[in-house]
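Each remark here refers to the structure printed beneath this line.
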Amino acid sequence: MRDQQIMQQVKEILTQISKIAPGHAVELRIPPYSAIQCVEGPKHTRGTPPNVVEMSADSLFELVNGKLDWDAGIDNGAIHASGERSNLKELFSELQNRITQ
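Going by the working numbering, the first residue of the sequence shown is number 17, and it counts up by one from there.
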């Protein structure tokens, strides 16, 4: 069962990401809560997208709050990223800066 409060927080963060990096080149998944397509580039329409980033809601919150570094999250398996456009380090850095201001 999905926690409604966590789902709301995830969706708020993903909405901000959509505003910062609109597009359809990367699928950002936060199972079981939500997923979006973001980042400019080629639009994906069928099957598994070539650029996928997936993490837990806890990892998303830690990343946004500066408690988890993108590279460390990749290294320790908290963030799974595949595809040439899947490095969202700068995107999360920008999001973090917007939230802390």
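Note that beta-carbon positions come from the ideal geometry of N, C-alpha and C, so glycine has one too.
Problem set entry | Ser109, DSSP secondary structure in three states | helix
Exercise. What residues are listed by DSSP as bridge partners for Leu44?
Worked result: Ile52, Val69
For this session: Determine the extent of the alpha helix (DSSP H) in which Ser34 is found, giving its start and end residues.
Result: 20-36
Exercise. Thinking C-alpha only, which one of Asn92, Ala41, Arg62 is nearest Met71?
Worked result: Asn92
Exercise. With distances taken from CA atoms, which of Thr31, Pro58, Gly57 is nearest Arg45?
Worked result: Thr31
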